[in-house]
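S.K.: Just so you know, full-length UniProt numbering puts 49 at position 49 of the sequence shown, and the rest follows in order with no gaps.
Here it is, the structure, as structure tokens.
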Amino acid sequence: MEKNIPKISAFPTGESNSAFEQYFSGKSYLAPLTVNSDLNVPMANVTFEPGCRNNWHTHTGGQILICVGGSGYYQERNQPARRLEAGDIVEIPADVEHWHGAAADSWFSHIGVTCNPQTNKNIWLEAVSDEEYREAVK
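Quick look at the structure:
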């Protein structure tokens, strides 16, 4: 049975993020926001259920996160986690290992902007363990 997904931003929640579910701990939803590939700026709203986060990963061309609803976290490898709220922007340089996701007690949505889409590739790494997550968000 599907959970009730609260409306936490002006952007659509989208469908279950089933194509990438193997890279997430918990349930996430994906709503593509741009369709004109000639503009070359892929953007999507990603919504995370409470406690959901993606695996450690990198982007070969970088990424920008625009937080639009709820509360979440962003963490670079070997750095403290940063709490995120609507209106926060995270600029992620190319090849930086990181994860992002929802706070344990909140849904969270951000718009992910793919930088340098002609050459940008996601490189998925190991899952963020429950222990790593708890330590990061305390």
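Think of the CB as a built atom: it goes at the ideal place given N, C-alpha and C, for glycine as much as any other residue.
(1) Among the candidates I89, A81 and W56, whose CA atom is the shortest distance from the CA of E135?
(2) Could you spell out where the alpha helix (DSSP H) holding Y85 opens and where it closes?
(3) Helix, strand or coil, according to DSSP, for R134 in the structure here?
(4) CB Y73 to CB G101, shorter than 8 Å?
(5) Going by beta-carbon coordinates alone, are I111 and N45 separated by less than 8 Å?
(6) Output the boundary residues of the beta strand (DSSP E) element that contains W124.
(7) Hey, is the stretch 29-40 in contact with the stretch 64-73, meaning 3+ C-beta pairs nearer than 8 Å?
(8) Can you tell me which of the three DSSP states residue 148 falls into?
(9) Could you tell me which of A31, Y23, S25 and S9 sits nearest to E15, measuring between CA atoms?
M.R.: With the given structure in hand:
(1) Along the sequence shown, read from residue 1 onward, the residue named residue 135 stands at position 135. Its Cα nearest to that of E135, the residue A81 stands out among I89, A81 and W56.
(2) Within the sequence shown, numbered from 1, the residue matching residue 85 stands at position 85. According to the sequence shown, residue 85 is Glu rather than Tyr. Judged by DSSP secondary structure, E85 falls outside any alpha helix (DSSP H) and instead within the beta strand (DSSP E) spanning R82 to E85.
(3) Indexing the sequence shown from 1 puts residue 134 at position 134. Look at R134 here: in three-state DSSP terms it is helix.
(4) Here residue 73 is taken as the residue at index 73 of the sequence shown, counted from 1. Here residue 101 is taken as the residue at index 101 of the sequence shown, counted from 1. Yes, these two residues count as a Cβ contact at 8 Å.
(5) Taking the first residue of the sequence shown as position 1, residue 111 is located at position 111. Taking the first residue of the sequence shown as position 1, residue 45 is located at position 45. Result yes, Cβ atoms of I111 and N45 sit closer than 8 Å.
(6) Your numbering for residue 124 matches position 124 in the sequence shown. Element bounds for W124: N122 to W124.
(7) No, they do not touch.
(8) Given a span of 1 to 138 for the chain in the structure shown, any question on residue 148 remains unanswerable.
(9) On the sequence shown, position 15 is the one that residue 15 refers to. When C-alpha distances from E15 are compared across A31, Y23, S25 and S9, the shortest belongs to A31.
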